[in-house]
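Here the numbering used here = 1-based position in the sequence shown + 104. Heads up: the structure comes next, in structure tokens.
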Amino acid sequence: MQKKITVLAGDGIGPEVTKQALKVLRAVAKAYDHEFSFQEGLVGAAAIDATGNPFPEETEKLCLDADAVLFGAIGHPKYDNDPNAKVRPEQGLLAMRKKLGLFSNVRPVKSYEAISHISPLKERVVKDVDFVVFRELTGGIYFGEPRGRNEKGDTAFDTCIYSKSEIQRIAIQAFEAAKKRRKHVTLVDKANVMATSRLWRETVSECGKNYPEIKLDYMFIDNAAMKLIQNPGFFDVVLTENMFGDILTDAASVITGSLGMLPSASLGEKVQLFEPIHGSYPEVAGLSKANPLGAILSAAMLINYAFGMTEESNAIKNAVDQSLKEGYVTEDINHEQFHTTEEVGDKIATLVYASKKQHA
Ligand code: IPM
Ligand code: MN
105 MQKKITVLAG DGIGPEVTKQ ALKVLRAVAK AYDHEFSFQE GLVGAAAIDA
155 TGNPFPEETE KLCLDADAVL FGAIGHPKYD NDPNAKVRPE QGLLAMRKKL
205 GLFSNVRPVK SYEAISHISP LKERVVKDVD FVVFRELTGG IYFGEPRGRN
255 EKGDTAFDTC IYSKSEIQRI AIQAFEAAKK RRKHVTLVDK ANVMATSRLW
305 RETVSECGKN YPEIKLDYMF IDNAAMKLIQ NPGFFDVVLT ENMFGDILTD
355 AASVITGSLG MLPSASLGEK VQLFEPIHGS YPEVAGLSKA NPLGAILSAA
405 MLINYAFGMT EESNAIKNAV DQSLKEGYVT EDINHEQFHT TEEVGDKIAT
455 LVYASKKQHA
């Protein structure tokens with residue numbers, strides 16, 4: 105297959121982990137006889153420095169013109185510590201989601217036996233955790249208008265707003281995903297307090313009627329936060345709105361032991377975007393300490409979701425399993441015996457290539 109991928113490496117550790125993901129994609133192309141071409145675009149602080157805009161029009165065009173987008177990370181400390189900054193890298197992320205219509209953020213959370221001992225939770229709690237969160241990404245309080253301050257400036261407000269159609273389209277994705285999994289969807293909301301949550305319940309329960317084989321249950325966000333720590337194995341598919349999903353997925357990310365491991369997909373009507381969930385982690389940028397597995401697993405999701413390359417995607421996932429088993433990992437996973445970002449990238453690429461040659 106011939107495919108065009110737009111690469112937005114972004115800020116902090118974004119470029120170095122993305123580089124490893126590309127290395128692995130090149131190994132896939134070589135081993136399985138595909139042709140991947142890569143075109144790079146600017147985003148985040150890097151884009152502000154070059155153009156004044158964290159998501160330039162040129163980058164938007166590059167994304168819409170590709171078969172899929174691979175994204176690194178956004179964010180720079182010089183903006184975090186400047187409350188007066190007029191543009192912020194994160195605005196680029198929100199603009200990108202909105203402009204590319206990426207309404208559904210899919211975050212799988214899976215424990216790996218080889219590293220379950222580094223989880224802050226007990227091994228017996230973490231064992232067999234395998235769920236996926238569908239977080240709505242272009243609505244709710246993140247984008248609702250009006251927002252701002254009153255004239256005097258002593259009162260501030262945000263608006264949480266959802267339409268039925270915004271809820272329906274992501275609910276369908278969650279139910280469809282559940283069909284191929286353990287057939288269990290949990291809608292997380294705050295329907296005891298919020299009108300938007302009550303619309304979510306109404307809409308999702310209507311939608312669930314089309315999926316009689318799927319067990320649908322409802323959980324308040326506060327209860328879900330507790331359950332996630334106490335018994336994460338309960339969950340299969342979690343469906344939730346933008347802000348609740350943001351908070352829950354950060355909490356979920358530590359279950360497996362390292363935030364650096366988790367990939368994500370953002371799906372929409374125009375194009376699909378894939379990124380590790382770890383963010384720009386500027387403290388270690390450029391030091392070759394960052395864990396590239398989140399980015400590499402995002403590349404695995406990309407070729408599976410966007411190109412339908414199941415075998416190739418599994419080859420990457422197996423290579424990640426294998427290197428975890430061998431203890432060939434970065435410092436976040438084993439701070440006594442560790443390898444660099446580059447070395448882990450090389451290792452996965454080599455394993456992917458070798459696995460195909462063995463089967464050929
Ligand atoms: C995420 C991030 C973003 C969000 C921030 C950086 C705006 O936390 O992708 O989860 O809140 O959505
Ligand atoms: Mn977040």
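All residues carry an ideal CB built from backbone N, CA and C; glycine is no exception.
Within the same chain, Cβ atoms closer than 8 Å to the Cβ of ASN157 are found at ALA151, VAL191, GLY196, the five residues on either side in sequence being excluded.
Look at which beta carbons fall closer than 5 Å to any heavy atom of the ligand IPM; those residues are GLU194, ASP350.
Rounded to the nearest angstrom, the Cβ distance from SER208 to SER370 is 7 Å, consistent with a contact under 8 Å.
Runs of the beta strand (DSSP E) lying entirely within the region 298-334 and spanning at least 3 residues, in chain order: 319-324.
Close CB contacts of THR360 within its chain, under the 6 Å cut and outside five residues either way in sequence, are with SER215 (chain order). Under the three-state reduction of DSSP, PHE238 is assigned to strand. Between MET365 and ASN395, the beta carbon gap of about 7 Å places them in contact (Cβ cut-off 8 Å). Inside the region 367-409, DSSP marks whole alpha helix (DSSP H) runs of 4 or more residues at positions 397-409, from first to last along the chain. With at least 16 other beta carbons inside 10 angstroms of its own, PHE378 counts as buried. In this structure, the alpha-carbon of ARG130 lies about 44 Å from that of SER301. Relative to the ligand MN, the beta carbon of ILE381 is positioned inside 8 Å of a heavy atom. Along the length of the region 333-367, whole alpha helix (DSSP H) runs at least 4 residues long occupy 346-357, reported in chain order. Cα atoms of ASN188 and PRO336: separation of roughly 40 Å, rounded to the nearest angstrom.
For SER427, the uninterrupted alpha helix (DSSP H) run begins and ends at 414-429, by DSSP. Burial state of PRO224 is exposed, judged by a 10 Å Cβ sphere holding fewer than 16 other Cβ atoms. Secondary structure note for PRO119: its alpha helix (DSSP H) is the uninterrupted segment 118-136.
Rounded to whole angstroms, THR290 and CYS311 show a C-alpha spacing of 13 Å. Separation of the CB atoms of SER357 and ILE178 is rounded to 17 Å, and the pair is thereby denied contact status at 8 Å.
Contact between PRO380 and GLY116 is ruled out by a C-beta separation of about 11 Å, above the 8 Å threshold. Per DSSP, the unbroken alpha helix (DSSP H) holding THR155 starts and ends at 149-155.
Just measuring C-alpha positions, the residue of PHE235, LYS374, GLN426, LEU363 sitting nearest GLU435 is LEU363. Your pair ASP326 and HIS288 does not check out as a contact, with CB atoms roughly 21 Å apart and the cut at 8 Å.
Within the same chain, VAL292, LEU352 come within 7 Å of ALA328 by CB-CB distance, once the 5 residues on both sides are set aside. Your pair LEU174 and VAL121 does not check out as a contact, with CB atoms roughly 10 Å apart and the cut at 8 Å. Remark: the shortest separation between the CB of THR122 and any heavy atom of the ligand MN does not fall under 8 Å. Measuring C-alpha to C-alpha distances from HIS180 to each of CYS167, ILE274, GLU194, PHE411 identifies GLU194 as the nearest. DSSP, reduced to helix, strand and coil, places GLN106 within a strand of the structure shown. If the five residues before and after ILE276 are omitted, its C-beta is found closer than 7 Å to the C-beta atoms of CYS311, all from its own chain and listed in chain order.
Just measuring C-alpha positions, the residue of LEU332, VAL342, PRO316, GLY372 sitting nearest GLU270 is GLY372.
By the C-beta density criterion, GLY390 is exposed, having fewer than 16 other C-beta atoms within 10 angstroms.
The secondary-structure analysis by DSSP pairs LEU291 across a beta bridge with TYR322, LEU343.
C-alpha of MET405 to C-alpha of ARG253: approximately 41 Å in a straight line.
Beta-bridge analysis with DSSP links GLY252 to PHE261.
GLN272 carries a helical assignment under DSSP once its states are collapsed to helix, strand and coil.
A check of alpha carbon separations from GLN106 across LYS123, GLY114, MET323, HIS138 identifies HIS138 as the nearest.
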